[in-house]
Amino acid sequence: MTTHEIAEQLVSLCRQGKIDEAQATLFAENVVSIEAGEDMGPKVVEGLEALQHKSKHFQEGVEEFHGATISEPVIGGNHFAISWAMDATFKGRGRTTIEEVCVYKVADGKIISEEFFY
């Protein structure tokens, strides 16, 4: 798949709430995930299994999901970015809106890195 196709598929799956499916089908086994800070999980995780564990831990911390908005992707070469706003009530933290820019790098038809900016 091209970077454009991967970007479109990621946005589509995430808008449907199919984060686990997106990770399983679009991300490389050696993917690297970088958070802006450690309040959303470990600063850096490496490998698909570690990424899926981080995602599961994040999802388990959501008490109630109120909605999300995901932009169309902006593509440049083998990178793409989306903006993602999420409104959720987190266990022990209350209702919060998270606004972030997510930047992805693609190689050999898979996402090899993701980085989040809040």
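Numbering (numbering that gives the first Met the number 0), first residue to last: 0 to 117. The beta carbon of each residue, even a glycine, is placed where N, CA and C say it ideally should be. On a predicted model such as this, the values are computed, not experimentally measured, just so you know.
In the structure shown, SER32 adopts extended strand secondary structure according to DSSP, grouped into three states. Nearest Cα to THR1 within the set LEU25, ALA21 and ILE18: LEU25.
By a beta-carbon distance limit of 8 angstroms, GLY46 does not contact VAL61. Their separation comes to about 23 angstroms. Annotated three-state conformation of SER112 is strand, per DSSP.
Within the region 62-114, the complete beta strand (DSSP E) runs of at least 3 residues fall at 73-75, 78-89 and 93-106. Closest by C-alpha distance to VAL105, out of PHE64, ALA35, VAL44 and ILE74, is ILE74.
SER32 and SER82 have their alpha carbons spaced roughly 16 angstroms apart.
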